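Notes for the one structure printed next.
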Amino acid sequence: MTGGVLHRPPRLGWYGDDFTGATDTLSTLAEHGLRALLFLGSPTPERLARAGRLDAVGVAGASRAMAPDAMAAELGPVGRFFAELRVSVLHYKCCSTFDSAPDVGSIGAAVATLRAVTPNAFVPIVGGQPNLARYCLFATLFAAVGAGGEVVRIDRHPTMRAHPVTPMGEADLRLHLAKQGLAGVASLDYRAYEAGDPERALEDVLRAGPPAVLMDVSRVDDLPVIGRLIWSHALRTRLLAVGASSVAQALAAAWPDGPLSPPDRAAAPASGGPVFLMVGSLSPVTRAQVEAAESFERIDVDASRLVDDAALAQSVRADAVKRLRQGRNVMVVTDRPDGALQRAGEVAQATAELLRLVVDEAPIGRLAIAGGDTSSIAVRKLDLWGLSHEARVASGVSLCRGRSDDPRLDGLDIVLKGGQMGPPDLFERVAHGSGAT
Numbered sequence: 001m002t003g004g005v006l007h008r009p010p011r012l013g014w015y016g017d018d019f020t021g022a023t024d025t026l027s028t029l030a031e032h033g034l035r036a037l038l039f040l041g042s043p044t045p046e047r048l049a050r051a052g053r054l055d056a057v058g059v060a061g062a063s064r065a066m067a068p069d070a071m072a073a074e075l076g077p078v079g080r081f082f083a084e085l086r087v088s089v090l091h092y093k094c095c096s097t098f099d100s101a102p103d104v105g106s107i108g109a110a111v112a113t114l115r116a117v118t119p120n121a122f123v124p125i126v127g128g129q130p131n132l133a134r135y136c137l138f139a140t141l142f143a144a145v146g147a148g149g150e151v152v153r154i155d156r157h158p159t160m161r162a163h164p165v166t167p168m169g170e171a172d173l174r175l176h177l178a179k180q181g182l183a184g185v186a187s188l189d190y191r192a193y194e195a196g197d198p199e200r201a202l203e204d205v206l207r208a209g210p211p212a213v214l215m216d217v218s219r220v221d222d223l224p225v226i227g228r229l230i231w232s233h234a235l236r237t238r239l240l241a242v243g244a245s246s247v248a249q250a251l252a253a254a255w256p257d258g259p260l261s262p263p264d265r266a267a268a269p270a271s272g273g274p275v276f277l278m279v280g281s282l283s284p285v286t287r288a289q290v291e292a293a294e295s296f297e298r299i300d301v302d303a304s305r306l307v308d309d310a311a312l313a314q315s316v317r318a319d320a321v322k323r324l325r326q327g328r329n330v331m332v333v334t335d336r337p338d339g340a341l342q343r344a345g346e347v348a349q350a351t352a353e354l355l356r357l358v359v360d361e362a363p364i365g366r367l368a369i370a371g372g373d374t375s376s377i378a379v380r381k382l383d384l385w386g387l388s389h390e391a392r393v394a395s396g397v398s399l400c401r402g403r404s405d406d407p408r409l410d411g412l413d414i415v416l417k418g419g420q421m422g423p424p425d426l427f428e429r430v431a432h433g434s435g436a437t
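Numbering (full-length UniProt numbering), first residue to last: 1 to 437.
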């Protein structure tokens with residue numbers, strides 16, 4: 001049992017379906033003044049004890065890229081860990097675009113596994129995140145096209161409708177989740193928050209016994225209302241909540257111990273040494289950031305050859321290490337592999353192994369990885385056991401500090417970025433720092 005290790009059980013536990021999203025939730029909680037730490041796997045009692053008193057405990061995972069059977073194998077032990085820790089809310093953190101499919105990253109499969117350790121009949125699914133320009137109205141998901149771009153239905157979003165692994169072909173999240181085995185999801189639309197008695201509206205919805213309740217998010221002011229609704233049920237019986245970091249925003253806004261005292265937002269400092277950036281994302285947002293990254297020396301890599309040609313990987317490693325040792329910022333950029341759907345996993349593994357080899361040999365002041373799946377696999381290749389929040393680089397992108405038993409990696413600056421996240425100058429901010437955003 002791990003519950004007795006901490007001073008008292010943390011109220012919140014979260015599992016991130018990829019590492020980039022997990023770090024965004026970590027930063028969201030820290031910026032609200034909560035003591036939070038993200039572990040790269042269910043922690044041992046000794047590491048929990050070293051962390052001290054925590055309000056929230058996270059586990060970074062990779063279920064977004066897994067088949068349902070693999071998800072069950074990953075999430076079963078995680079769910080039992082959080083049950084032993086006696087958290088009140090177990091948050092399954094998915095992407096704010098809800099990109100998932102019946103056979104890859106199924107949110108329905110995640111709910112089926114985690115419901116075994118969360119006895120509360122109320123399963124809230126929070127359907128938007130306004131600070132990332134994600135909105136859910138009448139159960140329909142909308143998202144902006146790039147930073148400050150036009151807001152469109154998710155099934156008409158030029159990137160998400162053509163995602164190479166989990167394309168979004170349905171904007172009604174109830175129908176989207178029904179295809180993943182979560183049929184009959186109810187909807188609590190945003191008008192209930194404004195009607196004066198959202199608790200009564202929720203009770204009316206729950207009376208029919210739905211497997212989950214999709215909660216609209218049309219604006220930031222909806223989040224405290226959602227947070228109060230979730231806590232009112234969670235403090236009676238542990239519950240499972242699903243959604244992006246907007247779940248953490250809602251819970252922090254209505255924290256049951258009283259108003260929180262957020263610390264001043266720190267500016268992300270410039271790197272204290274050369275920056276190594278691995279770009280695995282194929283998103284047009286990330287590719288625009290690559291083109292704007294004037295402070296980096298670029299090494300382009302044929303992704304398919306990286307998988308099949310060991311000599312190429314060694315050549316790229318040697319080139320990157322040489323430049324980093326000369327104090328230069330380096331980014332390695334992979335292209336779309338031949339047979340992208342079939343080889344995406346192989347490319348992510350090969351990219352992660354290349355990153356590990358470079359980190360083992362080169363003096364690095366800051367490590368940055370672009371791409372949710374790439375980040376999840378690559379970070380697991382390193383000898384890290386946790387991450388803490390340091391500063392916000394941009395909305396949805398955080399500067400973290402690595403925790404490791406290896407002195408070379410302990411305290412390493414790490415930035416993990418999802419494909420859709422960040423402004424065009426993001427990689428320049430990673431190198432040179434930024435003001436609070």
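Every residue, glycine too, gets a C-beta built ideally from N, C-alpha and C.
No experiment lies behind these values; they were computed from the predicted model shown.
Item                                                                                                                                                                                                     : Value
How many Å lie between residue 394 and residue 426 at the Cα?                                                                                                                                            : 7 angstroms
Note the first and the last residue of the continuous beta strand (DSSP E) segment covering residue 56.                                                                                                  : 56 to 60
According to the Cβ coordinates, are residue 378 and residue 408 closer than 9 angstroms?                                                                                                                : no
CA-CA distance, residue 43 and residue 196?                                                                                                                                                              : 43 angstroms
Does the stretch 42 to 62 touch the stretch 7 to 18, meaning 3 or more C-beta pairs lie closer than 8 angstroms?                                                                                         : yes
Across which residues does DSSP place residue 493 in a beta bridge pair?                                                                                                                                 : Outside the displayed range of the chain (1 to 437) lies residue 493, so it cannot be described from this structure.
So the candidates are 371, 365, 430; which of them puts its Cα closest to the Cα of residue 410?                                                                                                         : 365
Only counting runs of 4 or more residues, tell me where the alpha helix (DSSP H) segments fall wholly within the stretch 123 to 183, in order along the chain.                                           : 173 to 178
Suppose contacts are defined by Cβ-Cβ distances below 9 angstroms. Is residue 396 in contact with residue 218 by that definition?                                                                        : no
Identify, in the order they occur along the chain, each residue of the same chain with its Cβ nearer than 7 angstroms to the Cβ of residue 429, setting aside the five sequence neighbours on each side. : 268, 393, 394
Near residue 340, which residues of its chain fall below 6 angstroms by C-beta distance, leaving aside the five closest residues on each side in sequence?                                               : Only weak support is given to the placement of residue 340: the predicted model assigns it a pLDDT of 49, under 50, and the value that follows is read from those uncertain coordinates. Hits under 6 angstroms: 164.
So what does DSSP say about residue 245, is it helix, strand or coil?                                                                                                                                    : coil
What separation, rounded to the nearest whole angstrom, lies between the Cα atoms of residue 189 and residue 40?                                                                                         : 35 angstroms
Spell out whether any CB of chain C is found under 9 angstroms from the CB atom of residue 203.                                                                                                          : Annotation note: the requested chain C is absent from the structure, which comprises a single protein chain.
Going by DSSP, what residues sit across from residue 300 in a beta bridge?                                                                                                                               : 333
Expressed to the nearest angstrom, what Euclidean distance is found between the alpha-carbon atoms of residue 89 and residue 317?                                                                        : 43 angstroms
Whose C-beta lies closer than 8 angstroms to the C-beta of residue 210 among residues of the same chain, with five residues either side of it excluded?                                                  : 184, 185, 186
Answer with buried or exposed for residue 46, where buried requires no fewer than 16 other C-beta atoms within 10 angstroms of its C-beta.                                                               : exposed
Could you tell me the alpha carbon to alpha carbon distance between residue 401 and residue 205, rounded to whole angstroms?                                                                             : 43 angstroms
Beta carbon of residue 111, beta carbon of residue 240: below 9 angstroms?                                                                                                                               : yes
Helix, strand or coil for residue 235, going by three-state DSSP, please let me know.                                                                                                                    : coil
Would you report the Cα separation of residue 212 and residue 122, rounded to the nearest angstrom?                                                                                                      : 6 angstroms
So, is residue 220 buried or exposed, given that buried needs 16 or more other C-beta atoms within 10 angstroms?                                                                                         : exposed
With DSSP run on the structure shown, which of helix, strand or coil describes residue 15?                                                                                                               : strand
Using a Cβ distance threshold of 8 angstroms, determine whether the stretch 249 to 265 contacts the stretch 27 to 36, with at least three qualifying pairs required.                                     : yes
With distances taken Cα to Cα, identify the nearest neighbour of residue 431 among 271, 102, 171, 330.                                                                                                   : 271
When the distance is taken between beta carbons, is residue 306 closer than 9 angstroms to residue 286?                                                                                                  : no
Can you list, in chain order, the residues of its chain whose CB lies under 8 angstroms from that of residue 405, leaving out five sequence neighbours each side?                                        : 383, 385
Where are the beta strand (DSSP E) runs, 3 residues long or more, that stay fully inside the stretch 37 to 92, in chain order?                                                                           : 56 to 60
Please say whether residue 24 and residue 68 have beta carbons closer to each other than 9 angstroms?                                                                                                    : no
Leaving out five residues before and five after residue 329 in sequence, what residues of the same chain have Cβ atoms less than 6 angstroms from its Cβ?                                                : 274, 275, 295, 296, 431
Distance, Cα to Cα, residue 9 vs residue 74?                                                                                                                                                             : 23 angstroms
Return the bridge partner residues of residue 209 from the DSSP annotation.                                                                                                                              : Answer is none; residue 209 lacks a bridge partner.
Taking a contact to mean a Cβ-Cβ separation below 9 angstroms, would you say residue 142 touches residue 153 in this structure?                                                                          : yes
Apart from the five residues just before and just after residue 423, which ones in its own chain have a Cβ nearer than 7 angstroms to its Cβ?                                                            : 147, 394
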